[in-house]
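Student: Protein sequence lines, in the order shown, are assigned to chains E and D.
Counting from 591, one number per residue, gives the positions in the first sequence under this note's numbering.
Counting from 591, one number per residue, gives the positions in the second sequence under this note's numbering.
Heads up, the beta-carbon is just placed ideally off N, CA and C, and yes, glycines get one too.
Protein chains: 2
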Amino acid sequence: MTSKDPLLVVRAYHDRWTAKDFGAAIGLLAPDLAVEVPINAYPTRDSFGEALARFGTTVKTTDMISELRADDEVMLLYDMDTEQLGRVRVAEHFTVKSGQIIRIRQIHDTWPMRAAGMGQD
Amino acid sequence: MTSKDPLLVVRAYHDRWTAKDFGAAIGLLAPDLAVEVPINAYPTRDSFGEALARFGTTVKTTDMISELRADDEVMLLYDMDTEQLGRVRVAEHFTVKSGQIIRIRQIHDTWPMRAAGMGQD
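(1) Say whether chain E places a C-beta atom closer than 7 Å to the C-beta of threonine 685 (chain D).
(2) Taking the Cβ atom as the reference point for each residue, do threonine 685 (chain E) and isoleucine 692 (chain E) lie within a distance shorter than 7 Å?
(3) Could you tell me how far apart the beta carbons of threonine 652 (chain E) and threonine 608 (chain E) are, in whole angstroms, since I believe they sit closer than 8 Å?
(4) Could you tell me how far apart the beta carbons of histidine 698 (chain E) and isoleucine 629 (chain D) are, in whole angstroms, since I believe they sit closer than 8 Å?
(5) Could you name the residues of chain E that methionine 665 (chain D) contacts, counting a contact when the two beta carbons are closer than 8 Å?
(6) Which of the three DSSP states is assigned to threonine 647 (chain E) in this structure?
(7) Per the DSSP calculation, isoleucine 694 (chain D) is bridged to which residue(s)?
(8) Is the segment 616 to 633 of chain D close to the segment 652 to 666 of chain D, with three or more CB pairs under 8 Å?
(9) For alanine 609 (chain D), which three-state DSSP category applies?
(10) Would you call glutamate 663 (chain D) buried or exposed, if buried means 16 or more other Cβ atoms sit within 10 Å of its Cβ?
(11) What does the Cβ neighbour count give for arginine 679 (chain E), buried or exposed, with the cut at 16 atoms within 10 Å?
(12) Taking Cβ positions, are alanine 681 (chain D) and alanine 615 (chain E) nearer each other than 7 Å?
(13) Between the segment 688 to 705 of chain D and chain E, which residues of the former have a C-beta closer than 8 Å to a C-beta of the latter?
(14) Tell me the residue span of the alpha helix (DSSP H) that contains methionine 703 (chain E).
(15) Among E:Lys610, E:Arg659, E:Gly639, which one has its Cα closest to the Cα of valine 600 (chain E)?
(16) I'd like the list of long-range same chain contacts for methionine 670 (chain D), defined as Cβ closer than 6 Å, with 5 residues on each side in sequence excluded.
(17) When you compare each of E:Gly676, E:Glu657, E:Asp636, E:Leu618 to alanine 706 (chain E) by their alpha carbons, which one comes out closest?
(18) Check each residue of the segment 623 to 648 of chain D: if its Cβ is closer than 9 Å to any Cβ of chain E, include it; give the result in chain order.
(19) By Cβ distance, which residues of its chain are closer than 6 Å to methionine 591 (chain E), with the 5 residues on each side in sequence left out?
(20) Any idea if arginine 644 (chain D) is buried or exposed, counting beta-carbon neighbours within 10 angstroms, 16 or more meaning buried?
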């Protein structure tokens, strides 16, 4: 996967983690990845990758609603069905540079996670 | 404001409600507006408009992070500072038809609202 088109990079990332190929997904993240999420904190690519593999394993299906792109930014909007949390809607904003994802912002309700005791903050 | 460019329609909507000109903002919403939000429910344009005016009054500032558009879809990502809830990050996805917003999807954490007793579900 050598494409540098931001939308294709993000689609590949999404397709790989939802297919449980977490190693390939994490390979599309820059070493100095910045992560902004509404619950917990992932200061490094490795810590985010571990969480992605742990949580991603519990995701049964995802339904893409929208994919939008402008310049080096991409936003995905999708619903995911999970084993523990039921259906969760996620907006995920990516910044891509030279074929790698350098920033991920996730926006979602944290209520299901807090109710399940999954939040650390 | 007669533009039918989806991004300009959505920017106008956002600019007007954040300027507390709720009547002008609601005027950009189609009569059969569909609303998908993570807490509470607004089955009609009027019910959504009332909530917009009520909640919008408590919003002190908004900081736009990203605006993305493709065809008739627009997504805004912004942080807002509110009187009651502090800082809240919002992803807002719009579908625009003939210069009017026909669908709004909001994605945000509901935890601050629930903690403040603002949720009805």
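Tutor: So, to answer that:
(1) Judged by the 7 Å Cβ criterion, threonine 685 (chain D) is not in contact with chain E.
(2) yes
(3) About 5 Å; that satisfies the 8 Å criterion.
(4) The pair is not a contact, with the Cβ atoms about 13 Å apart (cut-off 8 Å).
(5) Ser656, Leu658, Met665, Leu667, Ala681
(6) coil
(7) DSSP output for isoleucine 694 (chain D) lists D:Val625, D:Phe684 as bridge partner(s).
(8) no
(9) coil
(10) By the neighbour-count rule (16 or more Cβ atoms within 10 Å), glutamate 663 (chain D) is buried.
(11) buried
(12) No, they are not a contact pair.
(13) So the list reads Arg695, Ile697, His698, Asp699, Thr700, Trp701, Arg704, given in the order they occur along the chain.
(14) Run containing methionine 703 (chain E): 701 to 705, per the alpha helix (DSSP H) assignment.
(15) E:Arg659
(16) Val649, Thr652, Val678
(17) E:Gly676 is the residue among E:Gly676, E:Glu657, E:Asp636, E:Leu618 whose C-alpha sits nearest the C-alpha of alanine 706 (chain E).
(18) Glu626, Pro628, Ile629
(19) Note on methionine 591 (chain E): pLDDT 49, under 50, position unreliable in the model; no value is reported.
(20) By the neighbour-count definition (other C-beta atoms within 10 Å, threshold 16), arginine 644 (chain D) is an exposed residue.
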